[in-house]
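Student:
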Amino acid sequence: MKKMDKPSGIQAYFEGTSLKRLVITGFIGFITISSFILLLTSYEMKYRFASSTIHNWLTNFSSESLIYVMGMENRYFTTILPEESEPPNFSSVAFEFATSIKPGDIRSLLGRELPGFALYDAEIYVAGEGTDYTSLPIESSPPMEVLLAERKASIEELEKYESENEEVKPPAMTTGNKNVVFIYHSHSSESYLPHLEGVKNPNLAHHSKVNITMVGKKFSEELKKRGIGAQADETNIMKKLNERGLKFGSSYRMSREVVQSAMASDKNLAFFFDFHRDSQRRDKTTVTINGKAYSRLFFVIGKANKNYEENLQFAKQLNEKLEKKYPGLSRGIITKDKSQGNGIYNQDLSDRSALLEVGGVDNTMEENYRTAAALADVFSEYYWDGEKVSNK
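Letter 258 of the sequence shown, counting from 1, is numbered 400 in our numbering, and no numbers are missing.
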């Protein structure tokens, strides 16, 4: 019998696969994964792939569209949709996903190309009367010398307003000695042109005393008339920033300390309002109700925090009550993430907090005070209705 020649060298096999093949496959896999990681991390930060990229992709689609996608695997998901709801058009979804261009929203086409266009890149959750993307709140970032400059101011007409102010009936219920509402002002120097002598430039509408803090204080007073304990903080945030050598952009970081300090010292505080003044002009920030001029309100809710959904519902409930009792007073609700602004606005500290733009640069304190009283009127209804439900 002829002997078979022994193969030269040594060959090892693992379950029928040669060691050589395993090594080559592993090496190719290593090179592929390394190249992919290098590709993802070597670009500039704005082009890098991250979890936020997936988040941004998903935000292009409505919740209804996502439910329909899940419903393709389990029809039970689609049972929660309203009867009039229709499945999304596949071609439209594919187009949006591939191009990030949303039909009907010109900002998605021009937003990255036109300088300054990103200022309007906020989502209108509820549009009030006359509200569109050209009338969204404008947030300017003035230099510290503008914020700290001394200007002459006058509030003489407020005496007339106080004499005309309607009396509020004594409340049937009160919070006693407890303060449940906290009002603060991240941009504490924001003022109003009618009260600044000789100032016409909207960018200079800032004052150390005659400013948005007066509106916050008025709101707290109106709440107290309705039996709701409230604390209005009057910290000069701009002065604090200057003392620490910080810029205007650090305003929310500074006001955060104010809120945290208040929360630590008073556990009864449950509602938090950050009052601001918009930079839009009078035609967009004023409404006449029953023959009297009011400053209009705008709710701003940050999307980049854990309490986004709860705060959005809180703003929605107040907005609905405002629309019923004071039609046109609210300009609506907008939401912003970090790419469109601060994105948090200290709203991660409480699930019942909101940023409120009260009027614009051309409004008067008289108009602001009327609005503060109207907001207190509506909030008191919201608060006491909630107390009745919780006590059942």
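Beta carbons: idealized from backbone N, C-alpha and C, even for Gly.
Would a check of beta-carbon distances place E271 closer than 9 Å to chain B?
Tutor: Included in the structure is just one protein chain, with no chain B present.
Student: Helix, strand or coil for N343 per DSSP?
Tutor: Against the sequence shown, residue 343 aligns to sequence position 201. It is coil, neither helix nor strand.
Student: On the DSSP bridge list, what partners appear for Y436?
Tutor: As a working mapping, residue 436 is identified with position 294 in the sequence shown. For Y436, which the question treats as bridged, DSSP gives the partners V429.
Student: Inspect the CB distances between the segment 464-478 and the segment 262-280 and report whether three or more fall short of 8 Å.
Tutor: Touching, per the Cβ criterion.
Student: Return the first residue and the last residue of the beta strand (DSSP E) that T477 is part of.
Tutor: Reading the sequence shown from its first residue, position 335 is the one you call residue 477. Unbroken beta strand (DSSP E) run through T477: 472-478.
Student: Once you ignore the five residues that flank E523 on each side, which residues in its own chain have a CB closer than 7 Å to its CB?
Tutor: Here residue 523 is taken as the residue at index 381 of the sequence shown, counted from 1. Contacts found: K463.
Student: Give me the Cα-Cα distance between E385 and L290, rounded to the nearest whole angstrom.
Tutor: Translated into the one-based positions of the sequence shown, residue 385 becomes position 243. Translated into the one-based positions of the sequence shown, residue 290 becomes position 148. Answer to the nearest angstrom: the Cα atoms are 11 Å apart.
Student: Given 8 Å as the limit, is there contact between the segment 306-325 and the segment 371-380, that is, 3 or more CB pairs closer than that?
Tutor: In short, these stretches touch, since the Cβ pair count reaches three.
Student: Out of curiosity, what's the CA-to-CA distance linking D420 and V310?
Tutor: Your numbering for residue 420 matches position 278 in the sequence shown. Your numbering for residue 310 matches position 168 in the sequence shown. Computed Cα separation, rounded: 29 Å.
Student: Rounding to the nearest angstrom, what Cα-Cα distance links G358 and S176 in this structure?
Tutor: Numbered from its first residue, the sequence shown carries residue 358 at position 216. Numbered from its first residue, the sequence shown carries residue 176 at position 34. When rounded, the distance between both Cα atoms is 56 Å.
Student: Between H337 and the rest of its own chain, which residues show a CB-CB distance below 8 Å, the 5 nearest in sequence each way excluded?
Tutor: The residue given as residue 337 occupies position 195 in the sequence shown. Around H337: A295, S296, I297, H349, V352, T506, M507.
Student: Nearest to R494 by CA position, among Q455, S392, W526, is which residue?
Tutor: The residue labelled residue 494 in the question sits at position 352 within the sequence shown. Among Q455, S392, W526, the Cα nearest to that of R494 belongs to Q455.
Student: Just to confirm, is the Cβ distance from Y394 to I280 under 9 Å?
Tutor: Residue mapping note: residue 394 aligns to position 252 of the sequence shown, counting from 1. Residue mapping note: residue 280 aligns to position 138 of the sequence shown, counting from 1. Going by C-beta atoms, Y394 is not nearer than 9 Å to I280.
Student: Report back the beta-carbon spacing between N449 and S492 to the nearest angstrom; my notes put them in contact at under 8 Å.
Tutor: Here residue 449 is taken as the residue at index 307 of the sequence shown, counted from 1. Here residue 492 is taken as the residue at index 350 of the sequence shown, counted from 1. Indeed they touch by this definition, with Cβ atoms about 7 Å apart.
Student: Which of the three DSSP states is assigned to Y334 in this structure?
Tutor: Within the sequence shown, numbered from 1, the residue matching residue 334 stands at position 192. Three-state result, Y334: coil.
Student: When the Cα atoms are used, what is the spatial distance from E465 to T174?
Tutor: Stepping through the sequence shown from its first residue, residue 465 is reached at position 323. Stepping through the sequence shown from its first residue, residue 174 is reached at position 32. Distance between the alpha carbons of E465 and T174 is about 58 Å.
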